[in-house]
Structure formats: structure tokens, C-alpha cells
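**Q**
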Amino acid sequence: MAEQNKDADRQDKIMDFSSLKVRQHAAALLIAFILGAFSLGLYRFATYGVESVHYHANFGVYVNGEQDIFEDYSFYQELESCSLDIEPTAKERTHIHQPDNDVVHVHSEAVTWGHFFETLGYSIGDNHFATRADVHVQNTDTIIFYILNGELVGSPEQQHIVSEDKFAVVVGGSEQQAMELYRSASTNASEFNASSDPGACTSNEGHSVTSRLKAIFQ
Ligand SMILES: [Zn+2]
Ligand SMILES: [Zn+2]
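Numbered per this note's numbering, the sequence shown spans residues 4 to 221.
1) Where do the N-terminal and C-terminal ends of the alpha helix (DSSP H) with D185 fall, by residue?
2) If you draw a straight line from the C-alpha of T145 to the C-alpha of V174, how long is it?
3) DSSP three-state call for F132: helix, strand or coil?
4) Whole-angstrom Cβ separation of W116 and Q180, contact assumed at under 8 Å?
5) Quick one: residues in its chain with C-beta nearer than 6 Å to the C-beta of L23, no 5 flanking neighbours on either side, listed in chain order?
6) On the three-state DSSP scale, how would you describe F120?
7) What is the DSSP secondary structure of H28, counted as helix, strand or coil?
8) Within 10 angstroms of the Cβ of G63, are there 16 or more other Cβ atoms? Answer buried if so, exposed if not.
9) Taking the CB atoms as reference points, tell me whether E1 and F132 lie closer together than 8 Å.
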């Protein structure tokens, strides 16, 4: 009887021991999993949008002596909902922010003037300049002037926007008038370079800690 009890006791101990081992294994696995998920999350949190580019340039559009003020709200980035996709949309890469209708915001590498005007629904080319409403074609009556950093240039649609560039599109009038309009355009890009955008979606400053966490762990 005593012998039998001892046996049962030993059996219990073995059972206890092995189930303890299983539990220890499970716990170790769980901890490893949590640590793994946490460090992956931490890594993604730390690197999220770190490569973000953000700089500014000035621009102005003048058609027959009148400045295009981009009145409609749909011209502005504010209309876009904040997307946290890894691949930014065209309008996230470059846009204007209310109320500054003369400041180009660039949030990505290799953004050209062509890209920028495209996001406004405009198109620039050597022989045409199209707004949402009109297509202006270069002819003997109407000249399209592109003035970049004080120089008359061909259409810069393939040209990368450089920080603190100043660019004017002038449709109609004389070269002298075009230059005057260019000079009247804003030159405050450097001020924007020195501050962060208010309530911007793209780039780091617009992504709050919680929205970044949500984007990473969802
Ligand atoms: Zn900006
Ligand atoms: Zn922006």
C-alpha cells in the first residue's frame, strides 16, 4: 500500500514537472512573441516617415495680368484625408496649404514642377499652359512666359523643384510685364522652411504619435 502510494506520488510529480515544463515553454514562447512584436513595432515606429522630405518654393500664375489665387478649397491639401499608406499620393508629395496660395510644399524626393501643377489639375508645357478652366496655347498673340529664379526658361515640367525656388507662369503681355509680375510674387519659402506645417497630413510633423501607432499596429 505504502509502495503504491509512493508510486502514485512519483507519477504525480512527473506529471507536475512535465506540465510545468510545458507551461514554462508556452510562457517563454509568449514572451518571445510579445518582445518580437514590440520591437518590430518600435522599429517601425522609429523609422516611420523618417526619410521624409519637406521643403518649400514660391510660385505665381498670372493670366492676362491677373493673378490666379486658387480660390477653390479643392486646390488645397486640407481637403485630403490623412492617408498613412507607405506610398504617398501625388497630392501628398506636393501641394499647397491654406491660406498660402503662393507656397509650394514638397514632401517627397524628385518632385517636378510638372508634378506640382498636375496636383492642381493644371498642366504646363512648352506650347501650352492649362488651368482647370482654360487651355492657353502659345501663338503670335499670346506668349507663355516661364520665369524661374529670375530667368526666362522653357517649360520646367521635368525639372525638380528646388528648395526656395521662385517660379512664375505668365500668360499674355510683354516680357517686361512678365518680369514685373515675377518680381511681385512672394519670396517667403525660406520662412516656411524654418517652420512646420500647421495640421499637415504628410511628413512627420503631421503624424501624431497615436496616428503613427494606429498605422503600425492595425
Ligand atoms: Zn510645408
Ligand atoms: Zn504639406
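The beta-carbon is built from N, C-alpha and C at its ideal position, and this holds for glycine as well.
**A** Answer, in terms of the structure:
1) According to the sequence as given, residue 185 is Tyr; it is not Asp. Run containing Y185: E178 to S187, per the alpha helix (DSSP H) assignment.
2) Per the coordinates, the alpha-carbon of T145 lies some 7 Å from the alpha-carbon of V174.
3) F132 falls in the strand class under three-state DSSP.
4) Q180 and W116 do not touch by the CB rule: their CB atoms are close to 22 Å apart, not below 8 Å.
5) Hits under 6 Å: none found.
6) Residue state for F120 is assigned as helix, using DSSP reduced to three classes.
7) Note: H28 maps to helix in three-state DSSP.
8) With at least 16 other beta carbons inside 10 angstroms of its own, G63 counts as buried.
9) Nothing in the structure corresponds to residue 1, since the chain is present only between 4 and 221.
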